Every structure is written in structure tokens, then in C-alpha cells.
Amino acid sequence: MQVDAPQVLFKNRHLGRPATFDEYRAGGGYEALYATIGKRTPQEVLDIVLASDLRGRGGAGFPAGRKWQGIPAGYVGPRYVVVNTDEMEPGTFKDRVLVNVDPHLVIEGILLCAYAVSATLGVCFIRPSYEADAVLLERETQVARDKGLLGKNILGTDFSFDIHVHRSAGRYICGEASAQIKAISGLRPNPRKGGPRTSVKGLWDCPTIVNNLETLANLPGIVKNGPDWFKSLARTPTGAGTKLFSVSGRIAKPDCYELPMGIPLREILFEHAGGMPPGRAIKAVIPGGASTPFMPERLLDLPMDFDAMKKAGQRLGTASIMVFDQNTCLVGATLNLIEFFTRESCGWCTPCREGLPYVRHLLRLIESGEGKEEHIGMIRDMAKVMQSAYCAFAPGAAEPILSLLTHFEAEVREHLHQRKCPFGNPPPAMHGKACGTRPVAFGPTPCPEDQCPI
Ligand SMILES: Cc1cc2nc3c(=O)[nH]c(=O)nc-3n(C[C@H](O)[C@H](O)[C@H](O)COP(=O)(O)O)c2cc1C
Ligand code: SF4
58 MQVDAPQVLF KNRHLGRPAT FDEYRAGGGY EALYATIGKR TPQEVLDIVL ASDLRGRGGA
118 GFPAGRKWQG IPAGYVGPRY VVVNTDEMEP GTFKDRVLVN VDPHLVIEGI LLCAYAVSAT
178 LGVCFIRPSY EADAVLLERE TQVARDKGLL GKNILGTDFS FDIHVHRSAG RYICGEASAQ
238 IKAISGLRPN PRKGGPRTSV KGLWDCPTIV NNLETLANLP GIVKNGPDWF KSLARTPTGA
298 GTKLFSVSGR IAKPDCYELP MGIPLREILF EHAGGMPPGR AIKAVIPGGA STPFMPERLL
358 DLPMDFDAMK KAGQRLGTAS IMVFDQNTCL VGATLNLIEF FTRESCGWCT PCREGLPYVR
418 HLLRLIESGE GKEEHIGMIR DMAKVMQSAY CAFAPGAAEP ILSLLTHFEA EVREHLHQRK
478 CPFGNPPPAM HGKACGTRPV AFGPTPCPED QCPI
């Protein structure tokens, strides 16, 4: 695939298979590591990363260097790095592509982070459906070990570090940083809140840096070429670096694209992803994975960087763009996402555990033509309740729901007027005899199960 934009993370994508150690090395790979270990202090590496404005690519966009600074000064004892490769958010597939393009770029990035925070072990947390990628990472970490870049006394210094690949048992909530720490520790992976940050108390109660895999893969370029080079890659002054955009749905060339941070969404879709297939018109996109809001077509000129999107009431999230055309039912699309979120709720707190099945039930009624006027307000109220949940999972799930009602309420109402899906979708599966939805009594609103035909 030919892309007319600087390819930093995807430099070796033209190979069409994972770059080997020798190929990575021949292109300047591991030069940042050689120029760093034993030659720069960890503080110097931290300063470079702070100056680069590198922000986390896992969804929240938190500055990487500031997170690393959270490790208590003077702490003596083990420190860990967790590489978040869970990637269970529907629509997001960038980390998988990255691992398959350049595993040693990832390994070098993890090593540079470990050096900066003086960690001795990195744990790469990977979802079970990525088994082939876990095997690839294990194979290539062994290559790095054989070359003396992992293990004891790396490059003859007193820096020792190794990487372990940990297979998740497979729940979306395990992607949340504090839940991931618990999952690796063998505990029930419900998120932790209120206590010390993971950079203070993480794996086995020791300081632990949790970063997304793409975040860390940016480090070799930053350390080698400097913070100004990294910032100059972005289109916007508030952005820095390139970004991997996973593009899926109704689009001519669905793929993962490396493009400058801050590029307008319209340009990604129409100049890189081939535009709409013949006869299709764009209706909406979800810009950053399933837990970001629907954006109507008129907002497509927004620059894709964290701050610009936030200012416009949108979210960059994982920059995983799902495209919906004029023939797609957005009630059905939202229901599809809510089926996922309902199944994946960890069940710890009430707004999420009870709110999601409640909304799912009402969306099923509307999609099957059995919806009532009052259901719209009930869905909106419950989505707002979900925003007060214990962790970011349920507020994320509320984003597509609330934006559906903000931008596409007329389409929802059309289901009520026609008493069926105007796009011809069949009544949702699971609605009817085997619905399985438990009665939900929540606040003053009537229980929707009263109207359930079961
Ligand atoms: C429900 C949920 C799922 C998440 N899944 C992932 C994931 O698969 N990968 C990821 O990197 N971050 C995920 N995150 C974000 C992490 O909590 C955390 O912010 C991130 O790993 C930090 O890395 P970064 O600063 O490099 O982005 C998730 C958050 C939530 C609330
Ligand atoms: S919002 Fe509550 S129930 Fe939902 S995943 Fe987070 S802690 Fe668990």
C-alpha cells in the first residue's frame, strides 16, 4: 500500500510481512537504544519524551512523560512496564497491524520506556484472539534476547530487563489499566479507583507504567530524531507525531493508515481510504472506537487530534473510524454496540450493570417496531445515569447512545412512525421468547419489561 505521508511506524509495511531483526536494524532500528543505554541517563530520556508532547494512543490521550513522572522519586524496588495490547474495543485494530509490521520497533520502544523508568520487567498484555501475534512477539523477543538486547546486563551495562507476553482470558474491561493490573495479578479484573495511581502502586503493589503498544512504538523515533522532529510530523500545533487510524465500515478501502496527527477526518476517508463505494453516501462516522460518539457528515472537517476533537465535543479515542452510509440503520448500529457493552460489563456498579440491559431492551423494542414515544426519553435519561458509573466503561458506552439521540433523533422516530425498521432490518435476534433480559426497576421510570411481549 502506497501512502503519501511520512511513514514512521509503518516504515517497513511495504514488506507485506513482519520485518525481521536484520531488516529493522538495516533501516536504523535499535540505533536509539544503542545511543541511549549506558550513554544517556534515564532522566535525559524522560526529558526528551516530555518535550515531545507524546500522548497516549490507547484512548485517553494522557501525556506519556507525565505518567512516567508519577513514579515516586527515590522509590527503591522493582518497577514494571505493562504494554496494553488488549485492543478489544470494536473497530480498533491498529496495534495488531503494528505488531505484524515491525515487532522490533515495538520491542525497542518498550526497552526505551523501561530504561527511562528503570523497570526490570515488561508484560505485554494481549487478547486471546491475537494468539498468532502473541506467538510472533514471543519469537521476536527471543531474537532480541539472543542479540543481547533483552535479559541481564544489556549492552554490558547494569540495565537488565525482559519482556513477558501475557495472554488475556478475554474481557474488554481488562483493557482498562487498573483492571489489567488485577488481571495479570490473577485477581478479579474490575477497575480500581480512588487509590494511588498504577505508577505508584501497580503490579504486585510496585510502581507500574501502563502504556498502549502504539504509544511505546513512537519512542525509537522520538529518542533518535528529537522532540521537535516528532512535533513537526503533526498537522496541528496541538498535535504531535503521526497516528495510526483504523478505518472500517462502508468505505472503499478499509485499512489501517499512518497519517499525521491533526489531519481532517474527511481527508483520511476521501483521499486515503478511497471514499465511499459507488452508490453510497456517508451518513455518519464513529471517529475513535465504539466508546466515542456518532459524528454527522457535516463535522468531517474536524482535525483528528485530541484537543481539537475535545473542543468540538467529540473524542479522538483510539482514532478507529467506523463509517456508516445512508442505507445503514443507526438504531441497529447502536444496538449492536450496546449488545457488546452489555455483555462486557464487569457488573461491579449499578449504572452500568443495570443501565446497559435497560437501554438494550428499549433499543430492541424500537428496532423491532414496538417502540413508544416515551422510550426515547427513557433511553436518554438512562444514558445520562450511565455517565456516573464507577469507571470509564459505561460513560464510553453512553457516547453512541446520546449522540444517536442528539444528531439522529428523527431516524429513531421514523422507527416509531413506521412501526418497523425503515431500513428493512429484521427484528433483532434475542428479542422475543429467549430475550433473557431481567426486569429492571430504575428510578421513577416504568420498567420496560412491563411492555415486553415475553
Ligand atoms: C473499558 C476500557 C477499555 C480499554 N481498553 C484499552 C485497550 O485495549 N488498549 C489500551 O491501550 N488502552 C485501553 N484502555 C485505556 C487504558 O485504561 C489506559 O488509559 C491506556 O492503556 C494507557 O495507555 P496510553 O496512555 O499509552 O494510552 C481502556 C480503557 C477502558 C475504560
Ligand atoms: S462502569 Fe462499573 S460495571 Fe461497568 S465496567 Fe466499569 S466498574 Fe464495571
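The opening position of the sequence shown corresponds to residue 58 in this note's numbering, with each subsequent residue numbered one higher. Glycine is no exception: its CB is placed at the ideal position from the N, C-alpha and C atoms. Remember, predicted model here, so these are calculated numbers, not experimental data.
Short of 7 Å from the beta carbon of Ile94, and not among the five residues preceding or following it, lie these beta carbons of its own chain, in chain order: Tyr172, Ile211, Leu212, Thr214, Phe216.
If you look at Val416, you'll find it in the alpha helix (DSSP H) that goes 407-424. Not one heavy atom of ligand 1 is found less than 8 Å from the C-beta of Val156. Assignment of Glu401 by DSSP, reduced to helix, strand and coil, places it in the helix class.
Assignment of Asp152 by DSSP, reduced to helix, strand and coil, places it in the helix class. In this structure, the C-beta of Tyr447 stays at least 8 Å away from each heavy atom of ligand 1. Nearest to Gly319 by C-alpha distance, out of Ile308, Leu357, Pro284, is Leu357. Assigned with DSSP and collapsed to three states, Ile183 falls in strand. Note: Gly306 is bridge-paired with Val380 in the DSSP secondary-structure output.
Remark: the shortest separation between the CB of Arg224 and any heavy atom of ligand 1 does not fall under 8 Å. Counting along the chain, no beta strand (DSSP E) covers Ile230, and no H or E run does either. Relative to the non-hydrogen atoms of ligand 1, the Cβ of Arg114 comes within a distance shorter than 8 Å of at least one. Under the criterion of beta carbons closer than 8 Å, Val158 and Pro75 qualify as touching, at roughly 7 Å.
Here Cys170 has Val138, Ile266, Asn268, Leu273, Leu276 as same chain residues with Cβ atoms under 7 Å from its own Cβ, once five neighbours each way along the sequence are excluded.
When the alpha-carbon of Asp382 is set against those of Phe287, Pro294, Leu420, Phe480, the nearest one is in Phe480. Setting aside the 5 residues that flank it on each side, Ile241 is surrounded in the same chain by Val139, Val180, Phe182, His223, Leu260, each with a C-beta closer than 8 Å to its C-beta; the list follows chain order.
Going by DSSP, Glu315 is part of the beta strand (DSSP E) stretching over 312-317. Cα atoms of Ala191 and Arg153: separation of roughly 10 Å, rounded to the nearest angstrom.
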